[in-house]
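Residue numbers (my numbering), protein chains in the order written: chain A, 1 to 659; chain B, 1001 to 1139.
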Amino acid sequence: MPELGRLAVCLALLFAAYGALAGVAGGIRRRAHLVRSAEHAAYAVFGLVVIATVILLRALLRHDFTLEYVAAYSSSTLPTQYTIAALWGGQKGSLLFWTLLLTLFTTIVQAQNRERNRALMPFVTATLMTVAVFFLSLLVFMTDPFERLPVAAREGADLNPLLQNYWMMIHPPSLYTGYVSASVPFAFAIAALAAGQLGDQWIRSVRRWALFSWAFLSLGNLLGARWAYEVLGWGGYWAWDPVENAAFMPWLVSTAYLHSVMIQEKRDMLRVWNVVLVLLTFALTIFGTFLTRSGVISSVHSFTQSGLGPFFIGFLLFVLLAAGGLLAYRFPELRTPATMESFLSREAAFLFNNLVLVGIAFAVFWGTVFPVLSEWVRGVKITVGPPFFNRVNAPLGLVLLFLAGVGPVIAWRRASPRNLRRAFAGPVAAGLVAAAALAVARVPPGYAFATFALAVFVLGTVAQEFLRARQAMLHESAPRALGRLVGKNRRRYGGYLIHVGVVSIFVAIAASSAFRIEAQETLKPGDEMAAGKFRLRYERITSDENAHLSRLAAEVSVWRDGRRIGTLAPEKRFYKKPEQPTTEVAMRSTLSEDLYLVLGSYDPPSGLVTLQAYVNPLVSWLWIGGVIMAGGTLVTMWPSAAERRAVAYELGRAQVPAE
Amino acid sequence: MLNRRRFIVGAALIAAAVSYLVYAGIRTTSMYYFELGEFVARRDALLGETLRVKGWVKHGSVRWDAHTNELAFELATKDGGSPVPVAYRGIRPDMFSEGREVVVEGRYRRDGLAARQIMTSCPSKYEPAAGGGEPRAGS
Chain A
1 MPELGRLAVC LALLFAAYGA LAGVAGGIRR RAHLVRSAEH AAYAVFGLVV
51 IATVILLRAL LRHDFTLEYV AAYSSSTLPT QYTIAALWGG QKGSLLFWTL
101 LLTLFTTIVQ AQNRERNRAL MPFVTATLMT VAVFFLSLLV FMTDPFERLP
151 VAAREGADLN PLLQNYWMMI HPPSLYTGYV SASVPFAFAI AALAAGQLGD
201 QWIRSVRRWA LFSWAFLSLG NLLGARWAYE VLGWGGYWAW DPVENAAFMP
251 WLVSTAYLHS VMIQEKRDML RVWNVVLVLL TFALTIFGTF LTRSGVISSV
301 HSFTQSGLGP FFIGFLLFVL LAAGGLLAYR FPELRTPATM ESFLSREAAF
351 LFNNLVLVGI AFAVFWGTVF PVLSEWVRGV KITVGPPFFN RVNAPLGLVL
401 LFLAGVGPVI AWRRASPRNL RRAFAGPVAA GLVAAAALAV ARVPPGYAFA
451 TFALAVFVLG TVAQEFLRAR QAMLHESAPR ALGRLVGKNR RRYGGYLIHV
501 GVVSIFVAIA ASSAFRIEAQ ETLKPGDEMA AGKFRLRYER ITSDENAHLS
551 RLAAEVSVWR DGRRIGTLAP EKRFYKKPEQ PTTEVAMRST LSEDLYLVLG
601 SYDPPSGLVT LQAYVNPLVS WLWIGGVIMA GGTLVTMWPS AAERRAVAYE
651 LGRAQVPAE
Chain B
1001 MLNRRRFIVG AALIAAAVSY LVYAGIRTTS MYYFELGEFV ARRDALLGET
1051 LRVKGWVKHG SVRWDAHTNE LAFELATKDG GSPVPVAYRG IRPDMFSEGR
1101 EVVVEGRYRR DGLAARQIMT SCPSKYEPAA GGGEPRAGS
């Protein structure tokens, strides 16, 4: 069977190469049959990659330890759900999984556009197939997931215990979905450049894909944070590790694109900028994969070096050169006469939002590659850690939050004094009242203070928009009015909802960074310690064991403000197969704060335990904000009646001048 | 009509602000990162610096006091050469054990490294999926 998988991957590579060439040739020479043939090749690639994936999955589930990959990332005692997750637990499998998603999206895009975008589609197919060729080449020539061991292993080495966690089941697929779907807008941008169709057509065609990619990048980042928070046991959720930055950078640029594209739609400006953002997002996804796969940047956990680094850099250079060349070639046609009229306009607010987002991405990029650059330039490796990223990004984040309130309500072109009063008097007053209340509550001045006040300002703008719309339709019941309102303008109100989610996330980050309480004490049974409002008493240690692992749990009684609220049991686990201890956090999570307990160490001779307690305020709002954002994105993406009509109209129109 | 120039100035101001933040951030928060060998070769110049050093935990050098949470060990090359004493107070990281590769972050003093953080590398098998994870910080 594994040989069949290998054969499928090899054939897929051939078909993908053919699809790329035939797409380009068919597009340039306008040969419809060549274009069809390229698209059929792309379908075939998808089919072959599905076969390969199914075969690898089957090998995993049957514990076929003759395969190197299966033996390295699973074992016969690994629970089934994690055996499936092992498909993306290791490098070879995750590259195959990546290719699977890429070819799946290619298939969907082609099916969606069977009757549309006929000038663009040959180049879209060709671009996506070129990307597929790269990943399939890695699978064929560099890291064969179907490689056999010289001698079959008797047992697998098992999946890393840190990955045996349900967040790890959904976090990588979600992030990969976000990464890979960024290829679709990229392919359309390339196709628009190649075909010289530089109007809004390509932008409208990829709007939903760009949102889809952005949504999954958001989700992937948040799930990664959630995983880190629950599993790693250091009390936080984000450490600016290179692999986190790798996922964060494309998200930032993609966010910038979603905003600036609105300016192009409304005012036909920033065409070049939008193309650049789409290209950059894609390049950053490749760069991110490079970061996590190459070991060039010493993330504490990409110590494994895989030798794929140079290939990713090569591919990245190829992408940048090809895209940059096309862009330069079309540059004269892309320029538009429209200009900004005033700093006090929505265009300007969006433009500044873009600059800040790209600025943050740049700062994160710089901090991430700085060790490598300093080693090249000065011969010494110099690292920067979380303090760097926090210091740079906190003020930029505040500017962004402020603009999130300004952008949606300021007028296009030029805001009149009347517009400014009407749009901002209420929200600014709300923000000032909030600031006064915070001062009375003795919240120390600083980033957290500013974040809370700005959050109220932004929520004020959103609330005001909903209330005004409501006043215009007072004859209807509130839920019905809300439904009609959102239904009529999904993009707008979905966007507001996303902003509410973003505000929630900002508040959670500010509160949990500024007001977190940390306590650590070594205790014997019966001893107590304090952490903020909480009193903790260490009662006893318990232990048990199964085939997979053994565990120690410290039973801790918890009081909050003098009232007993329950028992928590942080654990240490000792996995047997990769012999490795892990920390199992015990958490009591409420809307106002999380109590986060870690069993730091246990010393059997003396019976002493060291407990670490963290009180993290408002962390729940991080996850709640994520859910709100997801909801807002769904609203935004849902097709409206008007849009369906527009599509039908376009289809009708497209059929008139038949080729 | 506002001309292009004013917008370019506005954009340049933002770019300058970002550049300044990055520059100042790196100046105030960056630290050296050395392999043990490099560190030993130039340690006289590094007295008092806060830095990161990567090396191996020397076999037989680990002393751990559960009462005070004090950890002392020697950071050495893979085969145990040129050991540098390390003192640390705090939770002993899960993955910390003799012979393992670690990165020590701390201040270099005359009597050795006063660590404020010990980062353990994940076992060689571990290839993280994209986007997942943090350093296993031991602080």
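Virtual Cβ for every residue (Gly too), placed ideally from N, Cα, C. The model shown is predicted, which means the values in this text are computed figures rather than measured ones.
Rounded distance between the beta-carbons of residue j and residue i, thought under 8 Å
i	j	result
A/Glu-555	A/Thr-542	6 Å
A/Ala-187	A/Val-124	5 Å
A/Leu-459	A/Val-486	That pair is no contact at about 17 Å.
A/Gly-501	A/Gly-405	The Cβ separation is near 14 Å, so there is no contact.
A/Ala-159	A/Tyr-82	The sequence shown places Leu at residue 159 of chain A, rather than the Ala named in the question. Between A/Tyr-82 and A/Leu-159 the Cβ distance is about 6 Å, and since that is below 8 Å, they are a contact.
A/Leu-138	A/Phe-311	6 Å
A/Val-180	A/Phe-105	6 Å
A/Pro-408	A/Gln-464	At roughly 10 Å, the Cβ-Cβ gap does not stay under 8 Å, so A/Pro-408 and A/Gln-464 are not in contact.
A/Leu-193	A/Leu-326	4 Å
A/Gly-19	A/Val-45	7 Å
A/Ala-531	A/Val-615	5 Å
A/Ala-126	A/Ala-38	7 Å
A/Leu-400	A/Ala-511	18 Å between Cβ atoms; not a contact.
A/Ala-59	A/Pro-2	6 Å
A/Glu-571	A/Arg-540	In fact, because the Cβ distance is near 13 Å, the residues do not count as touching under 8 Å.
A/Thr-368	A/Pro-242	5 Å
Sheet register partners of residue i (DSSP bridge)
i	result
B/Tyr-1108	B/Leu-1113
A/Ser-557	A/Arg-537 and A/Thr-567
A/Phe-574	A/Ser-550 and A/Pro-581
B/Lys-1074	In the sequence as presented, Lys is not what sits at residue 1074 of chain B; that position holds Glu. For B/Glu-1074, which the question treats as bridged, DSSP gives the partners B/Pro-1085.
A/Val-609	A/Leu-523 and A/Tyr-602
B/Trp-1064	B/Leu-1071
A/Leu-595	A/Arg-588 and A/Val-615
A/Leu-67	A/Arg-148
B/Ile-1118	B/Val-1104
A/Ala-531	A/Phe-534
Endpoints, beta strand (DSSP E) assigned at residue i
i	result
A/Thr-542	534-545
A/Glu-39	Unbroken run through A/Glu-39 is the alpha helix (DSSP H), 32-61; no beta strand (DSSP E).
B/Thr-1050	1050-1057
A/Met-587	586-589
B/Tyr-1033	1031-1035
Run of the alpha helix (DSSP H) containing residue i, from where it starts to where it stops
i	result
A/Leu-308	Run containing A/Leu-308: none; DSSP gives neither H nor E here.
A/Ile-360	346-378
A/Ser-183	183-195
A/Val-9	2-29
A/Thr-106	91-112
A/Thr-383	Element bounds for A/Thr-383: not the alpha helix (DSSP H) but the beta strand (DSSP E), 381-383.
B/Ile-1091	Element bounds for B/Ile-1091: n/a, residue is neither H nor E.
A/Trp-251	242-267
A/Trp-214	201-227
A/Tyr-82	80-85
A/Trp-638	Element bounds for A/Trp-638: n/a, residue is neither H nor E.
A/Ala-126	121-137
Residue i CB to nearest heavy atom of the ligand ADP below 7 Å
i	result
B/Val-1102	Questions concerning the ligand ADP fall outside what the structure shown contains, since it holds no ligand whatsoever.
(request) Mind listing, in chain order, the continuous alpha helix (DSSP H) runs of no fewer than 4 residues lying wholly within the segment 465-528 of chain A? (result) 478-488 and 490-514
(message) Short of 7 Å Cβ to Cβ, which residues in the segment 377-388 of chain A face chain B?
(response) Hits within the stretch, in order: Val-380, Lys-381, Ile-382, Thr-383, Val-384, Gly-385, Pro-387 and Phe-388.
(request) Please specify which runs of the alpha helix (DSSP H), each continuous and at least 4 residues long, are wholly inside the segment 402-467 of chain A, giving them in chain order. (result) 417-440
(message) Output needed in chain order: residues of the segment 598-626 of chain A with a Cβ under 7 Å from some Cβ in chain B.
(response) Per Cβ criterion, the list reads Gly-600, Ser-601, Asp-603, Ser-606, Leu-608, Thr-610 and Gln-612.
(request) Check distances from the C-beta atoms of the segment 1078-1099 of chain B to those of chain A and list, in chain order, the residues that come in under 8 Å. (result) Listed by position along the chain: Gly-1090, Ile-1091, Arg-1092, Asp-1094 and Met-1095.
(request) Could you please tell me which residues of the segment 354-373 of chain A, in chain order, have their CB closer than 7 Å to any CB of chain B? (result) Leu-355, Val-356, Gly-359, Phe-362, Ala-363, Trp-366, Phe-370 and Pro-371
(message) Counting only Cβ-Cβ distances shorter than 9 Å, please list the residues of the segment 1003-1016 of chain B near chain A, keeping chain order.
(response) Asn-1003, Arg-1004, Arg-1006, Phe-1007, Gly-1010, Ala-1011, Ile-1014 and Ala-1015
(request) Using a Cβ-Cβ cut-off of less than 8 Å, list which residues of the segment 513-530 of chain A approach chain B; keep chain order. (result) Gln-520 and Thr-522
(request) Can you give me, in chain order, the residues of the segment 180-201 of chain A that have a beta carbon less than 7 Å from any beta carbon in chain B? (result) none
(request) Check each residue of the segment 1057-1068 of chain B: if its Cβ is closer than 7 Å to any Cβ of chain A, include it; give the result in chain order. (result) Ala-1066 and His-1067
(message) If we require 4 or more residues per run, which alpha helix (DSSP H) segments fall completely within the segment 319-344 of chain A?
(response) none
(message) Counting only Cβ-Cβ distances shorter than 8 Å, please list the residues of the segment 1025-1048 of chain B near chain A, keeping chain order.
(response) Cβ contacts with chain A come from Gly-1025, Ile-1026, Thr-1028, Thr-1029, Ser-1030, Met-1031, Tyr-1032, Tyr-1033 and Phe-1034.
(request) Check distances from the C-beta atoms of the segment 574-595 of chain A to those of chain B and list, in chain order, the residues that come in under 8 Å. (result) Pro-578, Gln-580, Pro-581, Thr-582 and Thr-583
(message) What are the residues in the segment 537-554 of chain A lying within 7 Å of chain B by C-beta distance?
(response) none
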